[in-house]
Each structure stands twice: as structure tokens, then as C-alpha cells.
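Asks: This is the structure I have questions about; it appears just below.
Residue numbers (the working numbering), protein chains in the order written: chain A, 26 to 532; chain B, 24 to 107.
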């Protein structure tokens with residue numbers, strides 16, 4: 026069914042960017058070659074701002090080279106896997122560049138892992154060494170006591186010999202990233218240099234000013250959205266990245282760093298908006314031009330609200346397995362519900378409504394897992410999707426979440442929720458299957474209202490909300506209508522990445 | 024800035040309600056004994072919002088602590104009082 030294939034050429038994005046900047050979006054083939062280019066091209070420019078210190082591209086290149094040489098002196102050869110345990114910090118950045126330019130594959134461990142999990146990851150991924158941030162040294166103890174043959178190297182280590190940047194090939198392993206685990210246990214996705222390079226380039230399409238931004242890092246670097254779209258895209262574009270060490274301080278730091286671009290999950294974008302409304306000023310600062318928003322469904326409301334502050338918010342869609350971005354929306358004002366146009370060098374196909382992917386940006390495999398990432402040459406995302414007439418992509422739900430009704434009709438909760446979420450006073454919603462007092466299976470809806478919008482609803486906002494929700498509900502096809510609506514008095518339970526934990530009341 | 028404990032609590036209630044739309048009813052009955060985690064049931068983003076809003080409203084700065092480090096409203100009020 027619906028065997029639609031979508032392929033987008035890079036030229037499709039030309040009209041959104043100034044011609045001079047569009048011509049500068051070049052493919053270096055590998056991340057090591059990209060870094061060599063950045064270190065030479067932007068040498069004197071500030072690359073990283075962290076803990077009140079500014080590091081130029083030349084300084085970062087120098088520090089990464091010291092780590093590269095320390096790896097080689099510890100007997101770590103190109104092709105080896107090297108685990109990296111670090112919080113968001115300058116230590117992470119220089120270690121990551123050092124590992125990758127040494128020709129090794131970085132296994133990025135989430136900084137919150139405990140010491141037995143660190144040991145388990147070294148074993149599972151066959152790492153020959155662990156590079157750690159000194160503040161996290163205590164988490165290496167369990168592994169140190171059991172793995173005498175593994176190199177434990179501080180991110181501050183400085184080798185003495187000169188080791189040039191290793192000339193990796195596009196197909197060589199670049200990084201192993203943990204998947205979100207929303208569909209099951211977390212897995213390690215192996216991304217090669219070509220895939221990560223494509224992921225970095227994808228982050229450059231669809232907006233006017235691409236190069237030399239001031240960016241702020243508030244997402245974890247152990248997530249592809251933080252690592253590729255935030256850190257690597259910042260380095261690639263000669264931008265300066267401010268590493269926020271404690272997100273509580275982000276608005277104070279925004280006031281003096283004056284970022285021009287922010288990469289966030291929708292929940293953080295929503296929070297910044299609520300604070301701006303509460304304090305009557307744009308908390309993201311007057312220099313902010315672009316917000317790149319993804320990793321969860323983006324409410325169209327956010328696009329409209331940020332537009333009032335003169336900020337363009339671009340929703341996108343991506344996966345760990347696709348080196349972050351599959352698509353991004355350059356026309357978010359006109360099509361706020363879309364995750365945008367697919368990026369180049371990949372094919373998207375719909376099969377029974379499910380989005381299938383293949384292309385240069387895709388993972389090689391899940392490391393050490395029996396589960397095969399590929400079926401007949403395609404990666405099955407598990408997401409339901411559709412395209413509009415102009416080729417813009419819409420995510421309409423997840424296959425595993427589809428509710429099959431007694432009458433055989435299929436209902437996608439996310440697709441229904443999107444319709445309720447279009448109401449400005451609805452912050453989030455969940456459609457689910459429940460059992461009523463008589464034992465009958467029913468469709469139910471729970472919503473979390475958006476406090477800042479309740480003032481516009483008169484003296485009895487809850488009554489007004491209920492009426493509007495039933496109005497939307499009654500406009501749906503008969504089998505898609507819910508029979509119970511509950512307005513919650515607190516947020517839904519959420520996963521660590523802020524995704525709503527779905528109810529499974531009938532499974 | 025001079026402020027009584029009651030004034031601090033009133034401002035805290037206002038912040039809690041703006042952090043989570045559904046907490047209006049619960050916030051109205053907040054006392055010094057209200058437990059932050061168990062009684063309010065805030066999300067991690069909600070707690071981040073509250074920390075930022077407290078710093079903004081009271082013009083103070085938290086040292087290396089987060090909202091989840093405080094057990095009750097009383098302990099937050101104590102902290103704010105000391106910082107004012």
C-alpha cells in the first residue's frame with residue numbers, strides 16, 4: 026500500500042538561504058576532514074565558551090591533538106572503539122574531537138550512568154579505552170578493578186608525540202550513540218563518518234543565516250540532537266558554542282552571551298515562553314533569531330507564539346539512527362504542523378502508512394544486538410507519516426500506539442491529539458483506550474491545559490475548555506470520537522527525554 | 024529586600040501556579056509543611072521553571088542546589104529568607 030517514495034535534492038533548500046552562505050555548505054566527506062577544515066578556516070575565532078573561559082578553534086585543535094597523542098601512546102590504534110564519559114563540558118568537546126581524529130569510534134556514554142553500567146558498556150561495545158572527565162573519575166572504579174587490559178585515560182591527558190589527524194574513510198565508524206529507548210530497551214547505534222557528516226550538513230538547510238552564530242548548548246551531548254545538531258553544527262559553521270553547565274542559569278547566561286540560535290526540545294521551548302509571558306520580556310534575548318525544536322512533537326502554538334517575539338522556530342524530525350535530522354521545516358509559519366522537507370541523500374518511503382528510511386545518514390547497525398536494524402534494505406521507523414502536495418512531511422503517530430477498535434477500525438492517538446493540541450489553551454493531550462464501568466472498551470481523552478491562555482476564556486475557563494474539546498471531538502469521524510474527556514490538574518508522567526509516558530490500560 | 028514569610032509563600036504560590044496550570048487548587052492550600060516532590064508532583068521542567076522564577080522574582084541566586092534538594096516549602100522559604 027501507498028508505496029510513496031520521497032527524494033529531495035539540496036537545491037530545494039537554496040531559496041531559504043543567502044546565495045553566498047548556501048555556497049559555503051560543503052561536504053567534507055568525514056568528520057575528521059571537517060575538523061581539519063574548521064581548525065584551519067576558523068583558527069582565531071572563538072569555538073567554545075565554557076566555565077567563563079573562551080577557547081578558539083586553534084586552542085581546541087591543539088587540546089584535541091594532545092588527547093589524540095595520549096591515546097596513541099596508550100596503544101590505542103585507529104579503528105578501535107573508545108568510550109567517552111563526560112558531562113557537557115569543554116573536556117567532552119576536546120575528547121570527542123581527539124578520539125574521532127585519532128581514527129577511533131567514540132562510544133558516547135550518558136554521564137549519569139553508574140559505575141557498573143560504565144563497566145557493562147565497555148564490555149558490550151568492546152571499547153579498548155575509556156576517556157573520562159576528571160569529575161567523573163569515581164565512576165571508573167568498578168571497571169578499573171576488573172579490566173586490566175583497558176586504557177583509562179583522563180580527558181586532561183597530554184601525550185608528547187605528534188600524531189596527525191587520521192584520514193578516516195566515509196564508511197569508517199565515527200560514533201556509537203544510545204537510542205532513546207522509547208520503544209524498548211536502549212541500543213547502541215553505530216554511525217559512520219559519512220552519516221554524521223550528512224547529519225551536520227542537514228542542520229544547515231532551511232534558514233537565512235547559517236554561519237557564525239552564537240549557539241547555546243542545553244541538551245545532553247550524549248543525545249544526537251545535542252551532539253550533532255548542536256555541537257558539531259556549531260563547529261562546522263564557525264559559530265561559538267556556549268556550554269551551559271546548569272540549565273537553571275541559562276536565562277542569566279543568555280543575557281550576557283546573547284545567543285542567536287537555540288536547539289531545544291519542545292518542553293524547554295514551552296518553559297521559556299511561559300517565563301517570557303510571566304515576566305513580560307523575551308527571556309531568550311533580543312538577539313535570538315532561530316530555535317531548532319525537535320526530539321518530540323512540536324505544538325503549532327509554539328511556532329505562532331515565538332513569531333510574536335521575532336523568533337523563527339523550526340520543527341524537525343529525526344532519530345538517533347538517522348544521525349539526527351531526517352527533515353526540517355523551513356516554512357514553519359505557513360505549515361506549523363509539519364516536520365518539514367526531507368533532507369538530501371536519503372529516501373523516504375511510506376509502507377502501510379509507516380515511514381521507512383534509507384540513505385547516507387543512516388546507521389550501520391545496532392552494536393552487539395540481535396535485533397537487525399534493516400529489513401529488505403530499509404529502516405523501519407515505527408512512525409506513521411504522510412506527505413502533503415508540496416512534499417512536506419507530517420508525523421501522525423506511532424505504529425505501536427495504534428488502537429485497533431472492536432469494529433476493526435484503526436485509530437492513531439497522536440493524529441487525534443494533534444487536532445486537540447491545535448486549541449491554544451491545550452498544552453498536551455493523550456488519547457487512549459480505556460474500559461468503562463460496564464466493561465466496554467472506549468476511547469478516552471485527557472488534556473493538560475495551558476495556564477497562560479486561560480485568561481482569554483472568561484470567568485469559567487474549565488467549562489469553556491470542556492465545551493471546545495467536545496466541539497473538536499464531535500467534528501471527527503464517528504469511530505474516532507472519544508467518549509470521555511478529563512482535564513488534568515497536573516502534567517502527564519514523562520520519560521527522561523520529556524516524552525509523555527503513554528497509558529496502556531487495555532494491554 | 025524585606026519580606027515576611029507569608030509574603031514569600033504567597034509569591035511562591037504564584038510561581039507554582041504559573042509553573043503548572045493544573046496546580047492552582049493545590050497551590051492555594053500550600054503551607055510550609057507542603058512537600059515539594061510528593062505533594063506537588065512537578066515535572067523536571069516544572070522544577071527548573073520554579074528555580075528560575077524564584078531567582079527572578081526574589082532577585083536571589085541559588086548556590087549549587089536544585090528545587091528537588093528541598094524537602095518542603097518551609098526549607099525553600101528558609102533559604103530565600105537567608106538570601107534576601
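Idealized CB from N, CA, C, for every residue including glycine.
In this text the structure is predicted, and so the values were computed from the model without any measurement.
#1: To be precise: take each residue of the stretch 497-525 of chain A, compare its Cβ to all Cβ atoms of chain B, and keep it if any distance is under 9 Å. Which residues remain?
#2: In chain order, what residues of the same chain lie with their CB nearer than 6 Å to the CB of residue 449 of chain A, ignoring the 5 residues before and after it?
#3: Leaving aside the five residues before and after residue 32 of chain B along the sequence, list all residues of the same chain whose C-beta is less than 6 Å from its C-beta, in chain order.
#4: Apart from the five residues just before and just after residue 69 of chain A, which ones in its own chain have a Cβ nearer than 7 Å to its Cβ?
#5: Compare the C-beta of residue 168 of chain A with all C-beta atoms of chain B and state if any pair is closer than 9 Å.
#6: From residue 545 of chain A to residue 316 of chain A, what distance separates their C-alpha atoms?
#7: In terms of DSSP beta bridges, what is residue 130 of chain A paired with?
#8: Could you check whether residue 309 of chain A and residue 287 of chain A sit closer than 9 Å to each other, using their CB atoms as the reference points?
#9: Can you grab the Cα-Cα spacing for the pair residue 53 of chain A / residue 67 of chain A, in whole Å?
#10: I need the DSSP call for residue 144 of chain A, collapsed to helix, strand or coil.
#11: DSSP three-state call for residue 376 of chain A: helix, strand or coil?
#12: Judging by CA-CA distance, which residue of A:347, A:253, A:182, A:215 is the nearest neighbour of residue 405 of chain A?
#13: Would you say residue 59 of chain B lies against chain A (beta-carbon separation less than 9 Å)?
#14: Using only alpha-carbon positions, find the residue among A:212, A:351, A:38 that is nearest to residue 234 of chain A.
#15: On the three-state DSSP scale, how would you describe residue 241 of chain A?
#16: Opposite residue 474 of chain A in the DSSP bridges: which residues?
#17: Does the beta carbon of residue 67 of chain B sit closer than 9 Å to a beta carbon anywhere in chain A?
#18: Would you verify that the beta carbon of residue 85 of chain B is, or is not, closer than 9 Å to some beta carbon of chain A?
#19: For residue 281 of chain A, which option in A:313, A:435, A:519 has the closest C-alpha, if you only look at C-alpha atoms?
#20: Enumerate, from N- to C-terminal direction, the unbroken alpha helix (DSSP H) stretches of 4 or more residues contained entirely within the stretch 278-342 of chain A.
#21: With DSSP run on the structure shown, which of helix, strand or coil describes residue 51 of chain A?
#22: Relative to the alpha-carbon of residue 537 of chain A, which residue among A:260, A:238, A:124, A:109 has its alpha-carbon at the smallest distance?
#23: Bridge partners for residue 95 of chain B per DSSP, in chain order?
#24: By how many angstroms is the C-alpha of residue 71 of chain B removed from the C-alpha of residue 534 of chain A?
#25: Where does residue 141 of chain A land, buried or exposed, given buried means 16+ other C-beta within 10 angstroms?
#26: Is the number of C-beta pairs between the stretch 451-461 of chain A and the stretch 406-422 of chain A that are closer than 8 Å three or more?
#27: To the nearest whole angstrom, what separates the beta carbons of residue 109 of chain A and residue 156 of chain A, a pair I think is in contact under 8 Å?
#28: Are the beta-carbon atoms belonging to residue 296 of chain A and residue 55 of chain A less than 9 Å from one another?
#29: What residues from the stretch 294-322 of chain A come within 7 Å of chain B, judged by C-beta to C-beta, listed N to C?
#30: Residue 41 of chain B touches chain A at which residues, Cβ-Cβ below 9 Å?
#31: With a CB to CB cut of under 8 Å and the five nearest residues on each side skipped, what residues in its chain are close to residue 36 of chain B?
#32: How many Å lie between residue 165 of chain A and residue 182 of chain A at the Cα?
#33: Roughly how many angstroms lie between the CA atoms of residue 106 of chain B and residue 89 of chain B, to the nearest whole one?
#34: Pick from A:437, A:218, A:228: whose alpha carbon is nearest that of residue 35 of chain A?
#35: Would you mind sorting residue 465 of chain A into buried or exposed? The rule is 16 or more other CB atoms within 10 Å of its CB.
#36: Mapping the DSSP letters down to three states, classify residue 70 of chain A as helix, strand or coil.
Replies: According to the data block:
#1: 512, 513, 514, 515, 516, 517, 518, 519, 521, 523
#2: When the five nearest sequence neighbours on each side are left out, the beta carbons in the same chain lying within less than 6 Å of the beta carbon of residue 449 of chain A are those of 326, 478, in order along the chain.
#3: none
#4: Result list for residue 69 of chain A: 81, 83, in chain order.
#5: no
#6: Only positions 26 to 532 of chain A appear in the structure, and residue 545 of chain A is not among them; the question remains open.
#7: A:106
#8: yes
#9: Distance between residue 53 of chain A and residue 67 of chain A, taken at the CA atoms: about 15 Å.
#10: helix
#11: strand
#12: Nearest Cα to residue 405 of chain A within the set A:347, A:253, A:182, A:215: A:347.
#13: no
#14: Nearest C-alpha to residue 234 of chain A: A:38.
#15: strand
#16: A:451
#17: yes
#18: yes
#19: Shortest Cα-Cα distance from residue 281 of chain A to any of A:313, A:435, A:519 involves A:313.
#20: Along the stretch 278-342 of chain A, the alpha helix (DSSP H) occurs as fully enclosed runs of 4 or more residues at 291-304, 325-333, listed in sequence order.
#21: coil
#22: Only positions 26 to 532 of chain A appear in the structure, and residue 537 of chain A is not among them; the question remains open.
#23: B:58
#24: Residue 534 of chain A lies beyond the residue range present for chain A, which begins at 26 and ends at 532; the question has no answer from this structure.
#25: exposed
#26: no
#27: 5 Å
#28: no
#29: Under the 7 Å Cβ criterion, the stretch 294-322 of chain A contributes 296, 299, 300, 303, 304.
#30: 299, 300, 302, 303, 476, 477
#31: 50, 51, 53
#32: 16 Å
#33: One Cα belongs to residue 106 of chain B, the other to residue 89 of chain B, and the distance between them is close to 15 Å.
#34: When only C-alpha atoms are compared, the closest one is A:228.
#35: Exposed is the call here.
#36: coil
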